[in-house]
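Its first residue numbered 604, the sequence shown is counted upward by one per residue in this note's numbering. For each residue, glycine too, the CB sits at the ideal point set by N, CA and C. Reading through the structure tokens given below for one structure.
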Amino acid sequence: MPKYAGRKAVVVGGADGLGLAIAKRLVEGGAEVLVTGGPASDLAEAAAEVGPAAHVIGCETADPAAVAALGPAVAGRLGGIDHLFVHAENGLPPAAPPGLLRLLREGGSVVLTASSADPAVNSLAPLVRCRGSADEAARTALRLAAETSRTHPDSLTSLTRTERI
Numbered sequence: 604m605p606k607y608a609g610r611k612a613v614v615v616g617g618a619d620g621l622g623l624a625i626a627k628r629l630v631e632g633g634a635e636v637l638v639t640g641g642p643a644s645d646l647a648e649a650a651a652e653v654g655p656a657a658h659v660i661g662c663e664t665a666d667p668a669a670v671a672a673l674g675p676a677v678a679g680r681l682g683g684i685d686h687l688f689v690h691a692e693n694g695l696p697p698a699a700p701p702g703l704l705r706l707l708r709e710g711g712s713v714v715l716t717a718s719s720a721d722p723a724v725n726s727l728a729p730l731v732r733c734r735g736s737a738d739e740a741a742r743t744a745l746r747l748a749a750e751t752s753r754t755h756p757d758s759l760t761s762l763t764r765t766e767r768i
């Protein structure tokens with residue numbers, strides 16, 4: 604049985620870079636995934652790269668109305684979710700959208716990821732530091748999500764970790 608069979612995940616900011624690598628690994632492992640991308644993302648290219656088990660939608664995370672609409676869009680496509688990844692390509696990731704946090708199933712996990720050339724961001728002491736390719740960082744982010752689900756099964760949003768590459 605595939606590693607993520609029966610799992611449902613959302614990757615906010617997953618249309619390129621590290622977010623896309625996380626989405627691809629989830630789909631390869633059997634998960635159903637919803638990926639969001641901002642206006643600069645090539646959503647058609649992301650959909651082709653991730654495959655048919657993924658829903659790819661546009662969402663500008665700087666727009667509060669778009670973020671508010673994300674919860675109902677995810678609920679309509681996936682229902683509850685097991686994993687929520689929020690990725691920022693430049694700077695710290697935004698807070699996890701409350702509408703998506705309400706969809707997390709018991710024992711679900713939240714992983715915040717970021718990649719930045721900004722020295723101020725990189726000077727923060729992260730709980731876990733990832734360096735290397737997007738694929739290597741994606742493996743680490745998925746490992747964090749799996750560990751969180753195993754070690755904190757009774758919490759709704761069991762852990763928030765920030766990853767940087």
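Cα-Cα separation between I625 and D645, rounded to whole angstroms: Here residue 625 is taken as the residue at index 22 of the sequence shown, counted from 1. Here residue 645 is taken as the residue at index 42 of the sequence shown, counted from 1. One Cα belongs to I625, the other to D645, and the distance between them is close to 17 angstroms.
Rounded straight-line distance, which links the Cα of V613 to that of L687: What you label residue 687 is simply residue 84 of the sequence shown in a count that begins at 1. What you label residue 613 is simply residue 10 of the sequence shown in a count that begins at 1. L687 and V613: Cα-Cα distance of roughly 5 angstroms.
Three-state class that DSSP yields for L706 in the structure shown: Position 103 of the sequence shown holds residue 706. Note: L706 maps to coil in three-state DSSP.
Which of helix, strand or coil DSSP assigns to T743: In the sequence shown, the residue the question calls residue 743 occupies position 140. Helix.
C-alpha distance - P700 paired with G617, whole-angstrom precision: On the sequence shown, residue 700 is found 97 positions in, with the first residue counted as 1. On the sequence shown, residue 617 is found 14 positions in, with the first residue counted as 1. Each residue's Cα considered, the two are about 15 angstroms apart.
Between the CA atoms of E739 and A669 - distance to the nearest angstrom: Working through the sequence shown from its first residue, we reach residue 669 at position 66. Working through the sequence shown from its first residue, we reach residue 739 at position 136. Between A669 and E739, the C-alpha separation is close to 30 angstroms.
Assigned secondary structure, D619 (DSSP; H/G/I helix, E/B strand, else coil): Taking the first residue of the sequence shown as position 1, residue 619 is located at position 16. Looking at D619 - three-state DSSP - the assignment turns out to be coil, as it is neither helix nor strand.
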